[in-house]
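Q: Protein chains in written order, with numbering that gives the first Met the number 0: chain V, 0 to 771; chain P, 0 to 117; chain X, 0 to 136.
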Amino acid sequence: MLIILSIGIVVAILAPFLVGSLRYSKNEIINFNLNPGIVLSLIPVGMFIFFFSQIPLISSGTIPFESYPWIESLSINLSFRLDGIGLLFSLMITGIGAGIVLYAGNYLNTHEDLGKFYCYLFLFMTAMIGVSVSDNFFAFFLFWELTSISSYLLIGFNHKEDKSRYSALQALLVTGGGGLALFAGFLLLYTTTGISSFSELSIYNGTLSNAVELSAMILFIIGISTKSAQMPFHFWLPAAMAAPTPVSAYLHSATMVKAGVFLAARLNPYFASVEYWSETLMIIGGTTMLIAALMGVTQTDLKRLLAYSTLSVLGMLITLIGMNSYESLTAFGIVVAAHTLYKATLFLVAGSVDHSVHTRDVTQLGALSRIMPFTTTAGALAALSMLGVIPFAGFLAKEFVYESATQFGYNTVLLVFLFFVTNSLLGAIALRTGIGVFWGKKNNISTEHAHESHWQIVVPPLVFGFLGIVLGIFTSGTTAFFNSVSNSLSRSTLLRELHLWHGFTLILLLSIITIVASYFIYTTISKKGTTPLELKFRLLPTALFGSFIEILFKVAGAVTKFFQNGKLRWYISITFLFAIILIGSSLPFSTNALTFTFPIHVTIYEWMLTAAIIVALVIVIQSNSRLTAIAAMGIVGYAIALFFVLYSAPDLALTQFTIETLTVVLFMFAIYKLPKNVTVPDRNTKLRDASIALSIGSIVTLSILFATGSPSVSELEVFYNTRSLVEAYGRNVVNVIIVDFRALDTLGEIIVLAVAALGIVALLQFSKGEQK
Amino acid sequence: MISILAILAGLITATAVYLLLRKSLVRVIIGIVLLGHAANLFLFVISGLVKANPPLINAGNDTVTGVSADPVPQALILTAIVIGFGVQAFAIVLFKKAHEKLNTDSMDSLTATDSSRG
Amino acid sequence: MNSLILKTTVRFINKLLLLFSVFLLLRGHNEPGGGFVGGLVASTVFILYTLSEGYKEALAYLKVSPFSLIIVGLTTAILSALPSLFLGDAFMKAIWLETRIPIIGKFGTPFVFDLGVYFLVLGITLSIVLSLRKDSE
Chain V
0 MLIILSIGIV
10 VAILAPFLVG
20 SLRYSKNEII
30 NFNLNPGIVL
40 SLIPVGMFIF
50 FFSQIPLISS
60 GTIPFESYPW
70 IESLSINLSF
80 RLDGIGLLFS
90 LMITGIGAGI
100 VLYAGNYLNT
110 HEDLGKFYCY
120 LFLFMTAMIG
130 VSVSDNFFAF
140 FLFWELTSIS
150 SYLLIGFNHK
160 EDKSRYSALQ
170 ALLVTGGGGL
180 ALFAGFLLLY
190 TTTGISSFSE
200 LSIYNGTLSN
210 AVELSAMILF
220 IIGISTKSAQ
230 MPFHFWLPAA
240 MAAPTPVSAY
250 LHSATMVKAG
260 VFLAARLNPY
270 FASVEYWSET
280 LMIIGGTTML
290 IAALMGVTQT
300 DLKRLLAYST
310 LSVLGMLITL
320 IGMNSYESLT
330 AFGIVVAAHT
340 LYKATLFLVA
350 GSVDHSVHTR
360 DVTQLGALSR
370 IMPFTTTAGA
380 LAALSMLGVI
390 PFAGFLAKEF
400 VYESATQFGY
410 NTVLLVFLFF
420 VTNSLLGAIA
430 LRTGIGVFWG
440 KKNNISTEHA
450 HESHWQIVVP
460 PLVFGFLGIV
470 LGIFTSGTTA
480 FFNSVSNSLS
490 RSTLLRELHL
500 WHGFTLILLL
510 SIITIVASYF
520 IYTTISKKGT
530 TPLELKFRLL
540 PTALFGSFIE
550 ILFKVAGAVT
560 KFFQNGKLRW
570 YISITFLFAI
580 ILIGSSLPFS
590 TNALTFTFPI
600 HVTIYEWMLT
610 AAIIVALVIV
620 IQSNSRLTAI
630 AAMGIVGYAI
640 ALFFVLYSAP
650 DLALTQFTIE
660 TLTVVLFMFA
670 IYKLPKNVTV
680 PDRNTKLRDA
690 SIALSIGSIV
700 TLSILFATGS
710 PSVSELEVFY
720 NTRSLVEAYG
730 RNVVNVIIVD
740 FRALDTLGEI
750 IVLAVAALGI
760 VALLQFSKGE
770 QK
Chain P
0 MISILAILAG
10 LITATAVYLL
20 LRKSLVRVII
30 GIVLLGHAAN
40 LFLFVISGLV
50 KANPPLINAG
60 NDTVTGVSAD
70 PVPQALILTA
80 IVIGFGVQAF
90 AIVLFKKAHE
100 KLNTDSMDSL
110 TATDSSRG
Chain X
0 MNSLILKTTV
10 RFINKLLLLF
20 SVFLLLRGHN
30 EPGGGFVGGL
40 VASTVFILYT
50 LSEGYKEALA
60 YLKVSPFSLI
70 IVGLTTAILS
80 ALPSLFLGDA
90 FMKAIWLETR
100 IPIIGKFGTP
110 FVFDLGVYFL
120 VLGITLSIVL
130 SLRKDSE
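What follows is the structure, encoded as structure tokens:
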């Protein structure tokens, strides 16, 4: 699996070059224009074939596992595990991905950034496969974040539009924020139990404390809800429709938004036994599926209609996991598969229509079946599946959903009712998007220039649409596979035969009534028209998010302006004030004793040096002449050099003497043109600065007195003293440290010096050049 | 003597900080130089003071004899002195150039980025 | 600074100072001294020359550009780190010759490294001081 992921990354890197070379090096000898989409789609097709070939193996219950050590000390490994649900998702990602790649090759044919688009798309595809197959928490998190980032780039693909950029940022902030919660959850589990992978967690039998369990659960649910756009984090998904249609089809219906659902499924084997987990999922999912369906049916934009219906189905999937029953977990896999097929198709169809007629408004669109026969066929196939007509996969999915609701022990009536209303609304959306557009009444829209789309745009939705029937008809052949999917969601082993036809039951009756209700809703809405629901009610989360971002920027701006007002003196004051507070507050807790010995054995030389320094310091501060100040500064340096002589540091003394001389010379050279000190600070400024300066000074003094309180011979000193001659053949230990024991540090230092010199010369040369 | 040097280090630091807070470019640079001195002195003093026994191995011995000065801080300070020189030189040139370009001696005039000043 | 006394003195002590800087470099491993101090002292030779004669004359006296000294110094220092790699040891591990060499004593890669430091410090100091001098004129 590592190979697959590596291929994905490599293709992502190479894609822009491929697009560039195909586009700009027109082959004039053979008049053959190869679309990059055709070439690139071979990659996901190949991956799909690989994953498809794994079906028999996985269905038989085997779970391939591979692991590569990364940071073993932190239990961060690249470990991959291909179980039922991982395989289902991998199949979807590569299968739909192949279609999207092909489709985008024509859809964005003339777009200047097609190369970048493929780069992001393959990056996303890789990340998503990584999410599906990662077993290690941290590898999973890495890929999870990578999906957020690549999705940010894809939503903001039309980056010249404000709306795109804002939507992209919104999606990134919401999913990225959720990602942080998820990371916290993983860390919490890891630090309390040492568990670092899903497979360990699903068989974990130890007990967690209630607090840990509850916190981890809340963190995970935030991660799940943000990624899968559950209420109240749903608002980013409809906004993300600003992305190009292939992206919406891929990320925001088939794959990325299902990552949250996927996470819920991955965690379910352990968390199902945790109190409130199932209930919370059911409440969140149930609310989302109902409200999103209600909001969705009132939309008029094709893509927004589909976006809300996706939200609704995501809610349904979360609910199914929350129900955690024999039937609901089986239903989960089938709904995922069926939804992916029909929703990707409908999005692609919407793109095809938009491409041809240049509008996505369903109240305008109609009677396109003659003009766009293939697109129409694909749309109809998908709509019928979504509506739940036999023998489509959607029918099967609906049957299982109703079955799990009727078999569920508690609140059966409420659940059945919820699913019924949601499904009816979803069916109405299916009719509006897949049927109404093509056979509905033609409105005041010009179809003169409308035409059937290019084959690259038509073939993918047609294939996905047909697969919807294939999956429905060959249901019994998929039993083992779907059982392996539901088994990865639960600790107990579930085996269940799948059949398309269940006989004349209550459930079938429900399905039929649903279709009738859908039709009824559809015709009512078509006649009366609707205003999108979210326009009627200024929806709270969106507004909250907006003002949150606004406040965030304002606060950040104010903080920045306060701390970074551009005045160096202010920065220095702030830095030193914090140093005073931090060091000053820790000094009283020092384990060393403060030792102040009254100087008795002090020679006359030492007193003279001390006096010289103090006098020089006074002169530096008081003097108005620059030359005097510099000379006084030199005196301080020389006096320190003499202290080095007195206290057994001949090397330091030598260096300090020469450097001090050089510094003074440098000042003299540079100072010619520097102006005199003319500004005289007022008394208050002086007092304020003096108090900061004296506090820092006393902290330095106190630190020294504390530090020298307990003199000791360091191990390092002994080490270097005993080895200097024996191992490094040098009698001057200081020099041996510099050029031998710690030579690497010295090498680094002289490189820094060389860079500083380069900088100085460049500064001087650069301005010379400018003056000419 | 440690106490005296501790106070001296404190005084040099205080002077350096006070100068860093001035408006005049020259004073700020002097402050940088003095701060370097103070830091070196600080390192030197906290490692303990030893008179007349530098970390040198005398002929005939294999190791430093007697209570000698610690070579580690000395090696650190030696490189710090030289690096400090590089930094000071850079600061001098930078301020000099800033002054030539903007024709001001006040730190407070150097608050905008070069692009906005043209 | 057009002082005859300074000019005469500088010419007289320059050779001495240069010799002294080499002396500091060579004895650095056993006595106080070494590449840093040696390079700094050597640079004072040329800085004194700049003060007495001017930077153009000093550059002529130096014969090579300060930049080439930086390059030579850095290259020497890095080259001294490489031999150990060929012997399969860690980067920068010291390699010593068995035989003793007059004046220097034991010869090995740390000495070469110190030599690099000497030239680098000389080059850096001179390129800073001379270019600043040039700029001021």
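We treat Cβ as the ideally placed atom computed from N, Cα and C, and that holds for glycine.
Please read all numbers here as calculations on a predicted model, not as lab measurements.
1) Given that a residue counts as buried once 16 or more other Cβ atoms are within 10 Å of its Cβ, and exposed if not, what is Ser690 (chain V)?
2) Taking the C-alpha atoms as reference points, what is the distance between Phe19 (chain X) and Phe577 (chain V)?
3) Less than 8 Å separating the beta-carbons of Phe463 (chain V) and Leu340 (chain V)?
4) With 8 Å as the C-beta to C-beta threshold (strictly closer), list the residues of the segment 748 to 765 of chain V near chain P in chain order.
5) Using C-beta distances below 7 Å, list every residue in its chain close to Met0 (chain V), excluding the 5 sequence neighbours before and after it, in chain order.
6) The beta strand (DSSP E) with Ser78 (chain V) in it runs from where to where?
7) For Leu78 (chain X), count the other beta carbons within 10 Å of its own beta carbon; 16 or more makes it buried, fewer makes it exposed. Which is it?
8) Just verifying my parser: in three-state terms, what is the DSSP assignment at Ile127 (chain X)?
9) Can you tell me which of the three DSSP states Ser66 (chain V) falls into?
10) Can you give the Cα-Cα distance for Leu724 (chain V) and Leu40 (chain P), rounded to whole angstroms?
11) Please confirm if Ile127 (chain X) has its CB atom under 8 Å from at least one CB of chain P.
12) I'd like the span of the alpha helix (DSSP H) that includes Leu96 (chain X), first residue to last.
13) Does Leu75 (chain P) get closer than 8 Å to chain X when you measure Cβ to Cβ?
14) Are the beta-carbon atoms belonging to Ala330 (chain V) and Tyr307 (chain V) less than 8 Å from one another?
15) In whole angstroms, what separates the C-alpha of Ile46 (chain X) from that of Lys115 (chain V)?
16) Among all the DSSP beta bridges, which residues are the ones paired with Leu55 (chain P)?
17) Check each residue of the segment 649 to 666 of chain V: if its Cβ is closer than 7 Å to any Cβ of chain X, include it; give the result in chain order.
18) Is it buried or exposed, Lys226 (chain V), if we count other Cβ atoms within 10 angstroms and call 16 or more buried?
19) Would you report the Cα separation of Lys95 (chain P) and Ile670 (chain V), rounded to the nearest angstrom?
20) Which ranges would you report for the beta strand (DSSP E) in the segment 209 to 283 of chain V if only whole runs of at least 3 residues count?
21) With burial defined as no fewer than 16 other Cβ atoms inside 10 Å of the residue's Cβ, what is the status of Met322 (chain V): buried or exposed?
22) Comparing alpha-carbon positions, which option in V:Val173, V:Val663, V:Ala429, V:Phe185 lies nearest Phe140 (chain V)?
23) Alpha helix (DSSP H) containing Lys96 (chain P): first to last residue?
24) Secondary structure at Phe416 (chain V), three-state DSSP: helix, strand or coil?
25) Is the segment 625 to 633 of chain V touching the segment 654 to 667 of chain V, taking contact as three or more C-beta pairs under 8 Å?
26) Along the chain, where does the beta strand (DSSP E) that runs through Gly193 (chain V) open and close?
27) In the DSSP assignment, the beta strand (DSSP E) including Phe106 (chain X) goes from what residue to what residue?
28) Between the C-alpha atoms of Thr344 (chain V) and Val457 (chain V), what's the straight-line distance to the nearest angstrom?
29) List the residues of chain P that Tyr728 (chain V) touches, going by C-beta distances under 7 Å, in chain order.
30) How long is the line joining the alpha carbons of Arg21 (chain P) and Asp134 (chain X), rounded to whole angstroms?
31) Can you check whether the CB of Ser51 (chain X) is closer than 8 Å to the CB of Asp5 (chain X)?
32) Cβ of Ala264 (chain V) within 8 Å of Cβ of Ile221 (chain V)?
33) In chain order, which alpha helix (DSSP H) runs of at least 4 residues are fully inside the segment 556 to 616 of chain V?
34) Is the segment 80 to 99 of chain P close to the segment 725 to 744 of chain V, with three or more CB pairs under 8 Å?
35) Are Leu207 (chain V) and Thr191 (chain V) close, meaning C-beta to C-beta below 8 Å?
A: Working from what's here:
1) That one is exposed.
2) Approximately 47 Å between the Cα atoms of the pair.
3) By the CB criterion at 8 Å, Phe463 (chain V) and Leu340 (chain V) fall inside the cutoff.
4) Listed in sequence order: Glu748, Val751, Leu752, Ala755, Ala756, Gly758, Ile759, Leu762, Leu763.
5) For Met0 (chain V), where only same-chain residues beyond five positions count, the Cβ hits under 7 Å are Glu65, Phe79, Leu81, Val132.
6) Following the DSSP letters along the chain, one finds Ser78 (chain V) inside the beta strand (DSSP E) bounded by residues 75 to 80.
7) By the Cβ-count criterion, Leu78 (chain X) is exposed, with fewer than 16 other Cβ atoms from all chains shown falling within 10 Å of its own Cβ.
8) DSSP places Ile127 (chain X) in the helix class (H, G or I) of the three-state scheme.
9) In the three-state scheme derived from DSSP, where H, G and I count as helix and E and B as strand, Ser66 (chain V) is classed as strand.
10) Leu40 (chain P) has its alpha-carbon roughly 28 Å from the corresponding atom of Leu724 (chain V).
11) At a cut-off of 8 Å between beta-carbon atoms, Ile127 (chain X) makes contact with chain P.
12) Premise fails: Leu96 (chain X) lies in the beta strand (DSSP E), 95 to 100, not in any alpha helix (DSSP H).
13) So, not an interface residue.
14) When the beta-carbon positions are compared, Ala330 (chain V) and Tyr307 (chain V) stay at least 8 Å from each other.
15) About 56 Å.
16) Answer is V:Asn731, bridged to Leu55 (chain P).
17) Against chain X - using a Cβ distance shorter than 7 Å - the residues of the segment 649 to 666 of chain V are Pro649, Asp650, Leu653, Thr654, Thr657, Ile658, Thr660, Leu661, Val664, Leu665.
18) Lys226 (chain V) is buried by the Cβ-count criterion.
19) Between the alpha carbons of Lys95 (chain P) and Ile670 (chain V) lies a distance of about 8 Å.
20) Runs found: none.
21) Met322 (chain V) comes out buried.
22) Per the C-alpha coordinates, the member of V:Val173, V:Val663, V:Ala429, V:Phe185 positioned closest to Phe140 (chain V) is V:Phe185.
23) Here the alpha helix (DSSP H) through Lys96 (chain P) covers 70 to 101.
24) Helix at Phe416 (chain V).
25) The way I'd put it, the segment 625 to 633 of chain V does touch the segment 654 to 667 of chain V; three or more beta-carbon pairs between them come closer than 8 Å.
26) That residue, Gly193 (chain V), is in no beta strand (DSSP E); it is neither H nor E in DSSP.
27) Per DSSP, Phe106 (chain X) belongs to the beta strand (DSSP E) from 104 to 107.
28) Rounded to whole angstroms, the separation of the alpha carbons of Val457 (chain V) and Thr344 (chain V) is 10 Å.
29) Taking a Cβ-Cβ threshold of 7 Å, none of the residues of chain P is close to Tyr728 (chain V); the smallest such distance is about 11 Å.
30) For Arg21 (chain P) and Asp134 (chain X), the distance between alpha carbons rounds to 26 Å.
31) It is worth fixing the name first, because residue 5 (chain X) is Leu in this sequence and not Asp. A contact, by the Cβ cut-off of 8 Å.
32) Against a cut-off of 8 Å, the Cβ pair of Ile221 (chain V) and Ala264 (chain V) comes out as no contact.
33) 567 to 585, all fully within the segment 556 to 616 of chain V.
34) No: the two stretches stay apart, fewer than three of their Cβ pairs being nearer than 8 Å.
35) Yes.
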